[in-house]
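What follows is a single structure, written as structure tokens, with notes after it.
In the UniProt record's numbering, the protein residues as written are 1 to 298.
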């Protein structure tokens, strides 16, 4: 129907069937080119989507062992490279060696101070190797996250998969930086208890999706639920409020003594371990804050 209407319209304006046919062929060619370009970009499934990505035909097959050059890189960048190598070796069995010198290596990591955003990076993958550029440690971390996402899923999960027999990367050029400086997630542990391992899992997933702010909602309304030994009155007094006798919604009308909630106690006791995990594993890219909204000290 569209084709007939278009032909009628073209014939009425131009007066020639040959011209209408040429226009249809041109439009079809443009549509095919657009679909081809879209399909090429869709071969690489990344979340969040990079700021700019160009995809070429072909893949880079990772060998069973390769080297990465750490020449003239700071300790923090070398540490990030080490984390990436550890994750790759543990999940794929590929052996990666760090060297320092002018030798040409499969994985090249370079400082590029022209990248102004500290979380930005440039990633080039060709059939001859991988080049990662950033100006700060955060940028290198996010670049390695992108590389892991383009590998089989077991690499990001950190587990071996016997069904995966080869590890390949698409040939891409990615220029990326976050659109928003604050990319946060709030975990409400005031209403529902999460143990330390669950919170660690949340941190890992946040790092995977390049989020950088974790808001732990430790307390809610006018009661302070968490026991802090240095400030005992926060819990012994402020965990109970005068308007807790409500019989609304089937309430018993009895005073609610939230300080008896052992789960919250357990969480507060585990906060030290949680903070250690934050600083050791996600020191550079993830910041943790605690709710300080409207709780009052009596």
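For glycine and all other residues, C-beta sits at the position ideal for the given N, C-alpha and C.
Small disclaimer: the values here were computed from a predicted structure and weren't measured.
Point to revise | Beta-carbon contacts of residue 90 that lie in its chain and below 7 Å, excluding the five residues immediately before and after | key: Translated into the one-based positions of the chain shown, residue 90 becomes position 90. Same-chain partners within the cutoff: 158.
Review point. For the putative contact between residue 182 and residue 47, defined by C-beta atoms under 8 Å, what is the C-beta separation to the nearest angstrom?
Key: As a working note, residue 182 is residue 182 in the chain shown. As a working note, residue 47 is residue 47 in the chain shown. Your pair residue 182 and residue 47 does not check out as a contact, with CB atoms roughly 18 Å apart and the cut at 8 Å.
Practice item. Mind checking which residues open and close the beta strand (DSSP E) that includes residue 97? Key: Your numbering for residue 97 matches position 97 in the chain shown. That run of the beta strand (DSSP E) goes 95-99.
Exercise for review: Grab me the residues of residue 51's own chain with a C-beta within less than 7 Å of its C-beta, minus the 5 sequence neighbours each way, in chain order.
Suggested key: Along the chain shown, one-based indexing puts residue 51 at 51. Non-local C-beta neighbours of residue 51 in its own chain, meaning closer than 7 Å and more than five positions away in sequence, comprise 175, 176 and 177, ordered along the chain.
Exercise for review: Count the other CB atoms, across all protein chains shown, that sit within 10 Å of the CB of residue 120; report buried if there are 16 or more and exposed otherwise.
Suggested key: If you number the chain shown from 1, residue 120 lands on position 120. Residue environment: residue 120 is assigned as buried (16 or more neighbouring CB atoms within 10 Å of its CB, all protein chains considered).
Review point. Do the stretch 110-120 and the stretch 132-140 touch if we need at least three Cβ pairs shorter than 8 Å?
Key: With the cut-off at 8 Å, the stretch 110-120 and the stretch 132-140 touch.
Practice item. Could you name each continuous beta strand (DSSP E) segment of 3 residues or more that falls completely within the UniProt domain "Glycoside hydrolase family 20 catalytic" (180-244), going from the start of the chain to the end? Key: If we require 3 residues or more, the beta strand (DSSP E) runs fully inside the UniProt domain "Glycoside hydrolase family 20 catalytic" (180-244) come out as 184-188 and 213-217.
Check your understanding: Who are the near neighbours of residue 169 in its chain, counting only those whose CB is closer than 6 Å to its CB and skipping five residues on each side?
Key -> The count along the chain shown starts at 1 and reaches residue 169 at position 169. Excluding residues up to 5 positions away in sequence, 60, 125 and 150 lie with their Cβ nearer than 6 Å to the Cβ of residue 169 in the same chain.
Check your understanding: If you check the beta carbons only, do residue 214 and residue 226 fall under 8 Å apart?
Key -> As a first step, residue 214 is located in the chain shown; it is residue number 214 there, counting from the start. As a first step, residue 226 is located in the chain shown; it is residue number 226 there, counting from the start. For residue 214 and residue 226, no; Cβs fall outside 8 Å.
Point to revise | Paired residues, beta bridge with residue 171 - DSSP | key: Looking up residue 171 in the chain shown gives position 171. Residue 171 is bridged to 56.
Review point. Per DSSP, which one or two residues make a beta bridge with residue 129?
Key: Walking along the chain shown from the start, residue 129 turns up at place 129. Answer by DSSP bridge pairing, in chain order: 126.
**Study point:** Residue from 172, 202 and 84 with nearest C-alpha to residue 56
**Key:** Walking along the chain shown from the start, residue 56 turns up at place 56. With distances taken between Cα atoms, residue 56 lies closest to 172.
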